[in-house]
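Below is one structure, written out as structure tokens; comments come after it.
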Amino acid sequence: MAVVMASHGGIRLAAVNPAAATAGLESGLTLAAARAVVPGLETVEADPHRDAETLSRVADWCGRYTPWTAPEPLDTAANGAGVWLDITGCAHLFGGEENLLADLLRNIKRQGFHVRAALADTPGAAWALARFGQTAKPHEPEIVDPGSHRLALRKLPVAALRITAAVNEGLDRLGLRRIGDLYDLPRAPLVARFGEALTQRLDQALGRLAEPVSPRSPVTPYRVRLAFPEAIGHLDDVAAGLHRLLDRLRQRLVHDRLGLRRAELTLYRVDGGVARAVVGTSRPVRDVAHLERLFADRLDSLDLGFGVEVMTIAAPVVEVMAAAQANLSHDLAKDEQTMQLGPLIDRLEMRLGRGSVVRLESRASYIPERAGLAVSALDNRADLRHGEDVAPALDHQTTDGRIMPTAPGGARPLRLFPLPQVIEAMAEVPDGPPVMFRWRRLLHKVVYAEGPERIAPEWWRDVAPPGEDRSHLTRDYYRIEDTDGRRFWLYREGLYDLPTMPDAIPSSPRAPRWFLHGVFA
Amino acid sequence: MASEAMAIHKAEADRVAKDQVLAGLRARIEGIEKAGKLGGQGHQTGRNASPLALTPDLDAILPDGGLTRGALHEVVGPPGAQGAAAGFAAALMGLAASDQNNQNNQGGQGVVLWCRRHYDGQENGELYGPGLAAFGLGPERLLEVRAGRDHDVLWALEEGLQSTALCAVLGEVSDLSFTASRRLQLAAEARGVPALVLRHDSQSHAVSAAQTRWRVESEKTRWQVEPARSGAADYDIRWKLNLLRCRGATADSQLEDWQVEWRDGHLHDCRGRQDSRISTGNRTAPRDFAVVAKAGQRPGYPTEPGLAV
Numbered sequence: 001m002a003v004v005m006a007s008h009g010g011i012r013l014a015a016v017n018p019a020a021a022t023a024g025l026e027s028g029l030t031l032a033a034a035r036a037v038v039p040g041l042e043t044v045e046a047d048p049h050r051d052a053e054t055l056s057r058v059a060d061w062c063g064r065y066t067p068w069t070a071p072e073p074l075d076t077a078a079n080g081a082g083v084w085l086d087i088t089g090c091a092h093l094f095g096g097e098e099n100l101l102a103d104l105l106r107n108i109k110r111q112g113f114h115v116r117a118a119l120a121d122t123p124g125a126a127w128a129l130a131r132f133g134q135t136a137k138p139h140e141p142e143i144v145d146p147g148s149h150r151l152a153l154r155k156l157p158v159a160a161l162r163i164t165a166a167v168n169e170g171l172d173r174l175g176l177r178r179i180g181d182l183y184d185l186p187r188a189p190l191v192a193r194f195g196e197a198l199t200q201r202l203d204q205a206l207g208r209l210a211e212p213v214s215p216r217s218p219v220t221p222y223r224v225r226l227a228f229p230e231a232i233g234h235l236d237d238v239a240a241g242l243h244r245l246l247d248r249l250r251q252r253l254v255h256d257r258l259g260l261r262r263a264e265l266t267l268y269r270v271d272g273g274v275a276r277a278v279v280g281t282s283r284p285v286r287d288v289a290h291l292e293r294l295f296a297d298r299l300d301s302l303d304l305g306f307g308v309e310v311m312t313i314a315a316p317v318v319e320v321m322a323a324a325q326a327n328l329s330h331d332l333a334k335d336e337q338t339m340q341l342g343p344l345i346d347r348l349e350m351r352l353g354r355g356s357v358v359r360l361e362s363r364a365s366y367i368p369e370r371a372g373l374a375v376s377a378l379d380n381r382a383d384l385r386h387g388e389d390v391a392p393a394l395d396h397q398t399t400d401g402r403i404m405p406t407a408p409g410g411a412r413p414l415r416l417f418p419l420p421q422v423i424e425a426m427a428e429v430p431d432g433p434p435v436m437f438r439w440r441r442l443l444h445k446v447v448y449a450e451g452p453e454r455i456a457p458e459w460w461r462d463v464a465p466p467g468e469d470r471s472h473l474t475r476d477y478y479r480i481e482d483t484d485g486r487r488f489w490l491y492r493e494g495l496y497d498l499p500t501m502p503d504a505i506p507s508s509p510r511a512p513r514w515f516l517h518g519v520f521a
Numbered sequence: 522m523a524s525e526a527m528a529i530h531k532a533e534a535d536r537v538a539k540d541q542v543l544a545g546l547r548a549r550i551e552g553i554e555k556a557g558k559l560g561g562q563g564h565q566t567g568r569n570a571s572p573l574a575l576t577p578d579l580d581a582i583l584p585d586g587g588l589t590r591g592a593l594h595e596v597v598g599p600p601g602a603q604g605a606a607a608g609f610a611a612a613l614m615g616l617a618a619s620d621q622n623n624q625n626n627q628g629g630q631g632v633v634l635w636c637r638r639h640y641d642g643q644e645n646g647e648l649y650g651p652g653l654a655a656f657g658l659g660p661e662r663l664l665e666v667r668a669g670r671d672h673d674v675l676w677a678l679e680e681g682l683q684s685t686a687l688c689a690v691l692g693e694v695s696d697l698s699f700t701a702s703r704r705l706q707l708a709a710e711a712r713g714v715p716a717l718v719l720r721h722d723s724q725s726h727a728v729s730a731a732q733t734r735w736r737v738e739s740e741k742t743r744w745q746v747e748p749a750r751s752g753a754a755d756y757d758i759r760w761k762l763n764l765l766r767c768r769g770a771t772a773d774s775q776l777e778d779w780q781v782e783w784r785d786g787h788l789h790d791c792r793g794r795q796d797s798r799i800s801t802g803n804r805t806a807p808r809d810f811a812v813v814a815k816a817g818q819r820p821g822y823p824t825e826p827g828l829a830v
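Chains F and D, in that order, are what the protein sequence lines are.
Numbered per the numbering used here, the first sequence finishes at 521, counting up by one with no gaps.
Numbered per the numbering used here, the second sequence finishes at 830, counting up by one with no gaps.
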């Protein structure tokens, strides 16, 4: 069987299975030529997108061995796609490098993949050996002892250096076919002839040049792992494992005086799938019970498949969190309260969605909708601003020109419409308070009106271009009481009888309109 | 001989132990009875010993001598923006948050939870911080929850009642089933903090497990009553209260069209006292009462004092 895809002006084989390889087929051959060799060749269309998807799933799955995994997509050199694993510091968890590799190969073969693996000091050497290495027994992983990769690479073809086909051909013409041939050559002519890529790749393979492999997902040092001898398929067992993992994570966080803001639970299933649950917290947390409660809602939705072999918890976002300290000041109660408020906000946001818990902050602004601002309760600044930085009491000018301090009680409505409601209003005099108005089809007779409180646009906020008159945005607010005692906050936008300035363009023709902006208690 | 003495001793010890168990059970039953308000008669349960003081006259009517802390209270108002009902509810929350006697509010610095559906903001107006601050609910005191539907609002209320960080919770819902109200009542009882539910007037006859149900309407303010003061900057807030339902109250301790005023961070009784029929004595059999509209009136809007049943 072969996978075919259209390339280089014809349909060519992209990959072949072992049976086809034995029959003498190889990737890059045109389909016509392949059919000539094996008339009954079965073909499937290549699907690069799903290949990439599968590859990233495999990379995900490899996360059970090390957090540092990165998929390497199928490249043009057609040497097969791969997955990088940086197992530095992980091998002892599996009883040594040999055991880790054997376990990895056994498990991944069980999923139906044909793989080759190699372990070496440098990514370049591992890449080369995995694809071009010749071990005594095929499909056995090749493990290069520390420091001996130079020797191991010597016999491999130069193509193992991850070079382009053109460079490969050029080297071939010069008779340089093995990597070992390049070791003792002067570098300057090589660079002159083939560019820096070749020497760079050689140096990377030999460890003379660092080659960073970026992990698929950011790697956090705060990650704990639990492997089960037997796959578990029951949610209670997962919850028990979760408890043990969280406890271990907590110990590490306590040691480093940190708290986590985000925790990721990853379940590695028997069938090669991965199930994830992520929780976020409003403040640094390392309380096991709290985190367990947060995860509890998520566990039900996790798909355990045929069982879970390994589970890990990582804390990708951590913040400094001082140890709980007895505070002798009067703020003790306040601290205690914020400590208890955090878990509550977390639980509410967890179920109702992000941004569903808000604080109503006050801002120093004359524009009503700017004076009150809903900010997410998860925003830590809100805690820091306890009581201070509250907007100062605003003064307003009454009709007879007196400046009155606005009484804090009742001067502002209890409810404010995010979009002021358009109303029909009638006033006795053009710039006076309305005598009746219609809102939502109901006619309200005004018994008492207080105002106007004139609020002009904040010219310092968005500077108007010279010549533009913004007076039509000026609002005159009235506090209105109707016959039933219901109290509303109305405003008229725009002015009648604008003062005509000699050099200004005629004011906007917009007629003043009435709006209902809020409802008083 | 010795063994006989020991047997007697053992029997004695058993008896004492049995007595202790019985005494413990009796105490528990007593506690349950008290919590269930079976006793009536202005008793006080252990944890929420001090009820929330409203005004002297209102406190005299309420069976606990004030608004019972660990209980569910309903506030209903005419449909629409519900400025008055929301204002009264905000006032109750503000009182609960600033009350120094409550152990749950951290020395008058308590936090309250106000839950509503997120589309309520578009329809009836968002909660406005500067306005709420007048009721003692400053930004550091109030957490607003914006949920998707009634169900989520009720869930958030229960969740809030389980937390020890809050000193009152309030939910705006369009519908409250009896089961939901019972759950809230029990949760509030267990924690000893008030749970308020703000509902529409149209449901003022719905069955619920709430301790009290208030109907709140706006009342003409002082400017209309005393025109001389018009133009003054002290804008007092005045409501007309109807206590539609009160568990443990006597039949004749009803409250109709009682006027209260919110001034200087407190509720005050105000004029109109003579108009209201108030009786505080003779608390006999505790029973619920409800106001039923007279025939020919719209059910939700009794314009005259209703009938007691």
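Idealized CB from N, CA, C, for every residue including glycine.
Bear in mind that the values here come from a model prediction, so they are computed numbers and not experimental data.
A711 (chain D) sits exposed, since fewer than 16 C-beta atoms from the chains shown fall within 10 Å of its C-beta. In the three-state reduction of the DSSP assignment, R454 (chain F) falls in the strand class, which pools E and B. Shown here, M614 (chain D) sits in a helix according to DSSP, grouped into three states.
For N17 (chain F), there is no enclosing alpha helix (DSSP H), as DSSP marks it with neither H nor E. Inter-residue distance for L209 (chain F) and R201 (chain F) is about 9 Å (C-alpha atoms, whole angstroms).
Contact between L31 (chain F) and T43 (chain F) holds: CB atoms are separated by about 7 Å, below the 8 Å threshold. Distance from the CA atom of T266 (chain F) to the CA atom of T312 (chain F), rounded to whole angstroms, is 5 Å. Taking the Cα positions, G591 (chain D) is about 14 Å away from C767 (chain D).
Spatial neighbours of L249 (chain F) in its own chain (CB-CB distance under 7 Å, excluding positions within 5 residues in sequence) are listed in chain order as Y222, V224, I313, A315. With distances taken between CA atoms, A606 (chain D) lies nearest to D:E693 out of D:P715, D:E644, D:E693, D:A731. Residue contact check for Q340 (chain F) against chain D: a CB pair falls below 8 Å. In this structure, D696 (chain D) keeps its C-beta atom at 8 Å or more from the C-beta atom of D673 (chain D). Residue-level contact by beta carbon holds for A374 (chain F) and chain D, with a gap shorter than 8 Å. The C-beta distance from E453 (chain F) to P660 (chain D) rounds to 23 Å, too long to fall under 8 Å, and the pair is not in contact. Using a Cβ distance threshold of 8 Å, I423 (chain F) and A377 (chain F) do not count as a contacting pair.
If you draw a straight line from the Cα of G586 (chain D) to the Cα of W735 (chain D), it is about 16 Å long. The alpha-carbon of E595 (chain D) is positioned some 19 Å away from that of E665 (chain D). Per the Cβ contact rule, the region 112-131 of chain F is in contact with the region 153-169 of chain F (3 or more Cβ pairs under 8 Å). Judged by their CB atoms, A70 (chain F) and W61 (chain F) are not nearer to each other than the 8 Å cut-off. Looking at F:E309, F:T54, F:Y477, the one whose alpha-carbon comes closest to that of I232 (chain F) is F:E309.
If you compare the alpha carbons of F:S356, F:D287, F:G372, F:R150 with that of P343 (chain F), the shortest gap goes to F:D287. Within chain D, S739 have C-beta atoms less than 7 Å from the C-beta of D484 (chain F), given in sequence order. Counting along the chain, T54 (chain F) sits inside the alpha helix (DSSP H) bounded by residues 48-61. When secondary structure is reduced to three states using DSSP, T220 (chain F) falls in the coil class, being assigned neither helix nor strand. Residue pairing by DSSP places A314 (chain F) opposite F:R223, F:E264 in a beta bridge. Within the same chain, and ignoring the five residues on either side of R293 (chain F) in sequence, the residues whose Cβ sits closer than 8 Å to its Cβ are P343, R347.
Per DSSP, the unbroken alpha helix (DSSP H) holding D297 (chain F) starts and ends at 288-299. Taking H444 (chain F) as the centre and dropping the five residues before and after it, the same chain places the C-beta of F437, D482 closer than 6 Å to its C-beta, in chain order. Looking at the DSSP output, E319 (chain F) sits in a beta bridge with F:G259.
Proximity of S56 (chain F) to chain D, defined by a Cβ-Cβ separation below 8 Å, is not satisfied. Taking a Cβ-Cβ threshold of 8 Å, the residues of chain F close to D673 (chain D) are R351, L352, in chain order.
Fully enclosed alpha helix (DSSP H) runs of no fewer than 4 residues occupy 123-132, 149-154 of the region 122-155 of chain F, in order along the chain. Distance from the CA atom of Q724 (chain D) to the CA atom of R441 (chain F), rounded to whole angstroms, is 23 Å.
Shown here for P215 (chain F): same chain residues with a beta carbon closer than 6 Å to its own, the five before and five after excluded, namely W68, A70 in chain order. By the criterion of a C-beta distance shorter than 7 Å, P600 (chain D) is surrounded in its chain by H721, D722, S723, once the five residues flanking it on both sides are discounted.
Per DSSP, reduced to three states, the secondary structure at V4 (chain F) is strand.
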